[in-house]
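**Q**
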Amino acid sequence: MGAQESASKAHPGQLATAAVLSLSPYVPGKPISELAREYGIEHIDKLASNENPYGPSPAALAAMHEALAEAWLYPDGSAHELKQALAAHLGVAAACITVGNGSNEMLLMLAETFMTAHSSAVYSQYGFAIYPLVIRATGARAIEVPALGAGDPMRYGHDLKSMAEAIAPDTKLVFIANPNNPTGTWVDRGRLHDFIARAPAHTLIVLDEAYVEYAQFSGCGHGLDWVKEFPNLVLVRTLSKAYGMAGLRVGYALSHPEVADALNRIRPAFNVSNVAQAGAIAALGDQAHVLKAARLVVDERERVSAALQSMKFPVVPSAGNFLLVEVGAAAQVYEQLLRGGVIVRPVAGYGLPRHLRISIGLPEQNDRLLRLLGALQPSA
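Right under this line is the structure:
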C-alpha cells in the first residue's frame, strides 16, 4: 500500500497533533436553553458563569445598536479607537495594549507566542482551567503547583513560595489569577510584588485580572502600576465580567511594548468585531455604571456568604463575583438545584468534588438559591 493510499484511509482526527489530542476540552457552564430543553423549566436563573446580572452600560447598548448599521463592513483590524480608549482609561501607552476576543484568546496567544515543546509553564492547583489547556496545546510541559492547604486562611489559593521554587530554566510563562477562578482567593499586593520582582527575566509573569473591578473592594489590589516597572509582566483583563459584556468577547493584555509587538504579530485579523469595539469604547466611558454594579454584587456576595455559612455550608474567601461553597455531595446538590431552576457550576473537574461555584446574581435570584439550599443538609 502506498503512502498516499495509507494516508487517505487514516481517520481525520488522527491528523491533529499529539498535544491537542491529549487535551480534554474546556466545559462551560450549562446554558439556560439547554436546561429548558432537558427539564421543561421556564423560570431559570443562571448562576454558573460569573456574569454581571446588571448587564452593560446603557451607553454601551446604544453604541452597539448604532454599530450594527455597519455590520457589513470589516472592523478596524488594529482596533485603534479601542486601544486609545483603553490607554486613556488606564494611563498607559497604546503600544502596550493587545486586544483579544475575550481574555481567553489573550491566554492562548501568550502560549502560542512564547512557548514551544521545549519549554514549560507554571500555574497553581485549582487555577483557571484554561491555563493547562493552552500550555499543553503547544506541547510544552505544564507544571502544576499544589495550592495552599485547607487549614490556611486563604485555602485553595496560590502558594507563591512554591510557585517561585517551581520555575525552571525552561519556564516561559507563570500564570497567576488574582483573584483566582474558581476559588475566589487572592494574593495580597506586597507578596505579589515581591514574587514578580524575584522572577527570572526569561519568564513572563501573566497576571490574570479578570475580576479586578470586584477585587478593589476586597483589598486585593492590582498590577497596573507595575507594567512599567517589570518588562516581564503581562496583565490580562476582560470586559466580560464587571462590564457585563460576556457575549461580546472583548479582552486585552497590558505589557512591555516589545511583548505587545510579539503578541500583535500572531493576533488574528479582525478578532474583535465592530459591534464589540463600539460597545467597549462606550462602556469604558461609563465607569459609574461599572462601579455601581460591582458594588451591588460585592454587597450581595457578602450577604449570600453569611447566609450560606449560617446554614453550615463552608465558604472560601472570595474577592470575585462568585463563591466557592462546600456542599458535600456536590453532584447531587447540583442536580437538585437544576430541578429547582437554578444553574450553578460543578468544579469536580478542578479536583473539588465536594464544592460548587456559585455566581452572584440579582437579590431575588440569590434568595431563590438560598431557599433551595436551605432545604438541604451538608454531607458529612
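Mapping of the sequence shown onto my numbering: residues 1 to 380, in sequence order.
All C-beta atoms in this analysis are idealised placements derived from N, C-alpha and C, irrespective of residue type, glycine included.
Please go through the same chain and pick out, in chain order, the residues whose beta-carbon is closer than 6 Å to the beta-carbon of M106, but skip the five residues on each side of it.
**A** Around M106: G100, V236, G251, A253.
**Q** Between the region 153-165 and the region 173-193, do at least 3 Cβ pairs fall closer than 8 Å?
**A** These segments touch.
**Q** When DSSP labels each residue in this structure, what does Q365 get in the three-state scheme?
**A** Here Q365 sits in helix by DSSP.
**Q** Do the region 110-121 and the region 131-149 meet, that is, are 3 or more Cβ pairs less than 8 Å apart?
**A** Judged by Cβ distances under 8 Å, the region 110-121 makes contact with the region 131-149, as three or more pairs qualify.
**Q** Relative to the C-alpha of A242, which candidate in Y350, V212, S255, L61 has its C-alpha closest?
**A** Here the closest residue by C-alpha is V212.
**Q** Quick one: what does DSSP say I176 is sitting in, helix, strand or coil?
**A** Note: I176 maps to strand in three-state DSSP.
**Q** So, using beta-carbon positions, are D225 and A95 closer together than 9 Å?
**A** Not in contact: D225 and A95 (Cβ atoms no closer than 9 Å).
**Q** When the distance is taken between beta carbons, is F195 closer than 9 Å to G77?
**A** No, these two residues do not count as a Cβ contact at 9 Å.
**Q** Strictly by DSSP, which residues pair up with R265?
**A** Answer by DSSP bridge pairing: none, since R265 is not bridged.
**Q** I'd like the span of the alpha helix (DSSP H) that includes L192, first residue to last.
**A** 189-198 is the extent of the alpha helix (DSSP H) around L192.
**Q** Can you find at least 3 beta carbon pairs, one from the region 44-58 and one from the region 278-289, that sit closer than 8 Å?
**A** As far as the Cβ criterion goes, the region 44-58 touches the region 278-289, which means the pair count is three or higher.
**Q** Contact defined as beta carbons within less than 8 Å: I believe L192 pairs with L233. What is the distance between those atoms, to the nearest angstrom?
**A** Actually they do not touch by this definition, with Cβ atoms about 10 Å apart.
**Q** Counting along the chain, where does the alpha helix (DSSP H) carrying L338 start and finish?
**A** First-last of the alpha helix (DSSP H) with L338: 330-339.
**Q** May I have a chain-ordered list of the beta strand (DSSP E) segments no shorter than 3 residues that lie completely inside the region 283-357?
**A** For the region 283-357, whole beta strand (DSSP E) runs of length 3 or above, ordered along the chain, are 322-326.
**Q** Nearest CA to the CA of R249: which residue from N52, A79, N104, E66?
**A** Residue N104 is the option with its Cα nearest to R249.
**Q** Identify every run of the alpha helix (DSSP H) within the region 68-155, keeping only runs that are complete inside it and at least 4 residues long; order them along the chain.
**A** With a minimum length of 4 residues, the continuous alpha helix (DSSP H) runs that stay inside the region 68-155 are 80-90, 103-114, 130-137.
**Q** For a test of the three-state rule: what should DSSP assign to D225, helix, strand or coil?
**A** D225 falls in the helix class under three-state DSSP.
**Q** Which residue marks the beginning of the alpha helix (DSSP H) containing V212, and which one marks its end?
**A** Where V212 is concerned, the enclosing alpha helix (DSSP H) stretches over 212-215.
**Q** Can you grab the Cα-Cα spacing for the pair L362 / L370, in whole Å?
**A** Taking the straight line from one Cα to the other gives about 12 Å.
**Q** Could you give the distance in angstroms between the alpha-carbon of G223 and the alpha-carbon of R136?
**A** When rounded, the distance between both Cα atoms is 27 Å.
**Q** Smallest Cα separation from H80: which of A63, A93, G349?
**A** The option with the nearest alpha carbon to H80 is A93.
**Q** With 16 as the cutoff for other CB atoms within 10 Å, does A380 come out buried or exposed?
**A** At A380 the pLDDT is 43, less than 50, meaning the model places this residue with poor confidence; the figure from the coordinates comes in the next sentence. When all chains shown are included, A380 counts as exposed.
**Q** Tell me whether the beta-carbon of I266 lies closer than 9 Å to the beta-carbon of E364.
**A** No, they are not a contact pair.
**Q** Kindly indicate which three-state DSSP category A246 falls into: helix, strand or coil?
**A** A246 falls in the coil class under three-state DSSP.
**Q** Just to confirm my understanding: we take L108, look at its own chain, exclude 5 residues before and 5 after, and list those with CB closer than 7 Å. What are they?
**A** Cβ within range, chain order: V134.
**Q** Tell me, which residues are paired with T171 by DSSP?
**A** Its beta-bridge partners are S120.
**Q** Count the C-beta pairs between the region 302-315 and the region 338-345 that are closer than 8 Å, then say yes if the count reaches three, no if not.
**A** Segments in contact, no.
**Q** Taking the alpha carbon of V145 as the point to measure from, which residue in Y214, G151, F175, L296 has its own alpha carbon closest?
**A** When only C-alpha atoms are compared, the closest one is F175.
**Q** Taking the continuous beta strand (DSSP E) assigned at A253, which residues delimit it?
**A** Here the beta strand (DSSP E) through A253 covers 251-254.
**Q** Given this structure, state the Cα-to-Cα distance separating L356 from M163, to the nearest angstrom.
**A** If you take the alpha carbons of L356 and M163, they lie about 26 Å apart.
**Q** Taking I41 and G247 to be in contact with their CB atoms under 8 Å, please state how far apart those CB atoms are, rounded to whole angstroms.
**A** Their Cβ separation, rounded to whole angstroms, is 22 Å, which puts I41 and G247 out of contact at 8 Å.
**Q** Since L160 is in the alpha helix (DSSP H), which residue starts that stretch and which ends it?
**A** First-last of the alpha helix (DSSP H) with L160: 160-166.
**Q** Out of A375, V272, K292, point me to the one whose CA is closest to K312's CA.
**A** Answer by Cα proximity: A375.
**Q** Please work out which residues of its chain come closer than 7 Å, Cβ to Cβ, to M1, disregarding the five sequence neighbours upstream and downstream, and give them in chain order.
**A** Because the pLDDT of M1 is 48, which lies under 50, any placement of that residue in the model is unreliable, and the number read from its coordinates should be weighed accordingly. Cβ neighbours of M1 beyond the five flanking positions: none.
**Q** Can the beta-carbon of I205 be found closer than 9 Å to that of V297?
**A** For I205 and V297, no; Cβs fall outside 9 Å.
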